[in-house]
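Encoded as structure tokens, the structure appears first; notes follow it.
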Amino acid sequence: MRFIAVVVTVCSIAFVGAYSSEQIDLTMGRSIRAFDQYELRGTSTRISRVQVRDRNDSLNVVQADTIIVRISALCRVQAVTTDGQEAVKSIKIRHAFAEHNSQTSEILPPGTELLASFSDTSTVILKDSIPLPADVMANLVPVIRSEGGKRTGEILDPRKKVGVGDTWPINVTALKKTFDEVGKKRAKSVKGKVTFIRIDSGSYMPAAVVEMKASAENAVGEMGGLIPTSSKLRAEIMLHVPVDLRYPAIRTASQTKVIAYFGKGKDSAVVEFSVTDDLYFER
């Protein structure tokens with residue numbers, strides 16, 4: 019048994035080494051098939067802070083919140099869009115917890131069965147054909163998302179074969195499509211690059227690890243119904259996609275930071291919002 023384990027390890031290293039030294043087709047936008055099944059494990063951390071400038075020109079924190087959502091669930095895809103993005107999926111909760119400013123509570127009990135449907139404008143999650151309460155939805159939407167499809171590839175895909183260590187620019191036009199209508203018109207200095215970091219053999223299949231870093235000015239169209247005077251957006255995404263192009267992503271980790279400024283001088287406000295997600299998909 020020990021001999022077999024050593025042989026498997028050596029073969030795995032050789033396999034990954036071969037990929038690491040050659041140029042490969044690397045497509046990040048992967049289609050998901052109807053009736054695909056997988057285990058979702060994920061964490062989403064949302065940190066918000068609101069500061070207001072007083073008459074002494076000092077910024078005072080008037081609101082600060084941290085919410086951490088942890089989930090484990092079994093997902094089954096019921097329907098997909100024409101480009102392979104999830105449109106409807108059923109979810110069976112294994113565990114789901116929310117921690118709000120260090121106070122932890124259960125979002126839904128184990129065994130709860132849900133049905134989620136997705137569109138470009140909204141997510142609807144039903145339990146026994148009834149929409150979930152707004153507070154439960156707010157906690158689940160960051161971790162129960164529409165996965166797959168070609169849109170990620172439109173932003174990140176290289177235009178030719180690449181090897182470990184290569185970098186290339188993002189598709190700025192495709193990234194802008196993800197902004198709201200006001201953000202599309204106001205955004206400037208939109209830029210970013212993608213780096214092929216490594217081949218990871220630690221998962222159940224060899225995966226290419228790709229990192230995107232992007233930034234933009236004034237890309238935030240609205241926050242709470244108000245349009246910022248100015249804003250800054252910074253986003254980082256680490257994507258793990260199998261070297262075998264037939265399979266979708268097995269992990270996505272991202273961090274997005276937004277700083278929005280409202281007004282100038284006395285009574286002006288600064289809103290900071292940070293979202294960190296780490297989702298695994300085991301098939």
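First residue of the sequence shown? That's 19 in the working numbering, and the numbers climb one at a time after it. Idealized CB from N, CA, C, for every residue including glycine.
Closest by C-alpha distance to Arg301, out of Glu40, Ile42 and Tyr56, is Tyr56. Between the stretch 81–99 and the stretch 112–125 there are three or more C-beta pairs closer than 8 Å, enough to call the two in contact. Going by DSSP, Ala105 is part of no alpha helix (DSSP H) but of the beta strand (DSSP E) stretching over Glu104 to His118. By alpha-carbon distance to Val208, the top candidate from Ala156, Leu144 and Thr191 is Thr191.
Taking Ala267 as the centre and dropping the five residues before and after it, the same chain places the C-beta of Arg48, Leu257, His258, Val259 and Phe299 closer than 7 Å to its C-beta, in chain order.
Taking the Cβ atoms as the reference, Gly60 lies roughly 23 Å from Asp101, outside the contact range of under 8 Å.
DSSP places Glu199 in the uninterrupted alpha helix (DSSP H) bounded by Glu199 to Arg204.
Annotation: the continuous alpha helix (DSSP H) that includes Lys194 extends over Val190 to Lys194.
A direct Cα-Cα distance of roughly 43 Å separates Phe280 from Lys178. In the three-state scheme derived from DSSP, where H, G and I count as helix and E and B as strand, Ala152 is classed as helix.
In its chain, beyond the 5 residues on either side, Gly201, Pro246, Ser249, Leu251, Val276 and Ala278 have a beta carbon closer than 7 Å to the beta carbon of Val238. In the structure shown, the three-state DSSP call for Ile268 is coil.
Taking 9 Å as the cut-off, the Cβ atoms of Gly210 and Pro187 count as close.
The beta carbon of Leu77 lies closer than 8 Å to those of Gln69, Val70, Arg71 and Val288 in the same chain, with the five residues before and after it left out.
Nearest Cα to Asp262 within the set Val227, Val98 and Asp296: Val227.
Ranked by Cα distance from Ile42, the options Phe214, Phe115 and Gln96 are led by Phe214. Counting along the chain, the unbroken alpha helix (DSSP H) around Glu172 starts and ends at Arg169 to Leu174. Taking all protein chains in view, the Cβ of Ser62 is crowded by 16 or more other Cβ atoms within 10 Å, so the residue is classified as buried.
In the displayed model, Leu132 falls within a strand according to three-state DSSP. If you ignore the 5 residues before and after Glu254, its C-beta comes within less than 6 Å of the C-beta of Lys231 and Gln273, all in its own chain and listed in chain order. Within the DSSP secondary-structure output, Glu254 pairs in a beta bridge with Lys231 and Gln273. In the three-state scheme derived from DSSP, where H, G and I count as helix and E and B as strand, Leu77 is classed as strand.
Rounded to the nearest whole angstrom, the CA to CA distance from Met223 to Val95 is 21 Å. For Arg51, the closest C-alpha among the options Ala225, Glu290, Phe291 and Tyr265 is that of Tyr265.
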